[in-house]
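Novice: Starting off with a structure, shown below.
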Amino acid sequence: MNNMKLPHQHGESHQTEIIQKQLSHVDYFQTVAEVFKQLGDTTRVRIFWLLCHQEECVLNISAMLEMSSPAVSHHLRPLKNSGLIVCRREGKEVYYRAADTKQSRLLHQMIEQVMEITCPESEL
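In structure tokens form, the structure reads like this:
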């Protein structure tokens, strides 16, 4: 992709070279798409948002979302595998929370900002 001649020149050749170089890193974009895929499901967004605010066990998450524990566990697994949430065991109980990472914090902020913009009665 380097030194590709574009059909139309708009006078921004240096910027275009930088952008072309970044576009060639398909794996970077795949990683971003995988993270967004995790939040492409309403239930996962709700679970992630909840866990950004407090640590909870599966039973409490199930009760709050009015879902079965197995259904909640089904959604927790990919969130955990993607690194967006973490868990800790205390006896037989497993507690989940949002990972303390730049990525999780950014996604949490993004969710809240989108909700504030699109949900006029949101009380975030």
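Note that the working numbering has the sequence shown beginning at -7, numbered continuously upward.
Cβ coordinates follow ideal geometry from the N, Cα and C atoms, glycine included.
Just to confirm, is the Cβ distance from residue 70 to residue 30 under 8 Å?
Specialist: Yes, Cβ-Cβ distance for residue 70 and residue 30 is below 8 Å.
Novice: Is the separation between the beta-carbon of residue 109 and that of residue 41 shorter than 8 Å?
Specialist: Contact flag unset, no.
Novice: Unbroken alpha helix (DSSP H) runs of length 4 or more, entirely within the stretch 3 to 49: which are they?
Specialist: 5 to 15, 18 to 30 and 34 to 45
Novice: Do residue 63 and residue 76 have their beta-carbon atoms positioned less than 8 Å apart in this structure?
Specialist: no
Novice: Is it buried or exposed, residue 5, if we count other Cβ atoms within 10 angstroms and call 16 or more buried?
Specialist: Exposed, because fewer than 16 other Cβ atoms sit within 10 Å of the Cβ of residue 5.
Novice: Give me whichever residues DSSP pairs with residue 90 in a beta bridge.
Specialist: 77
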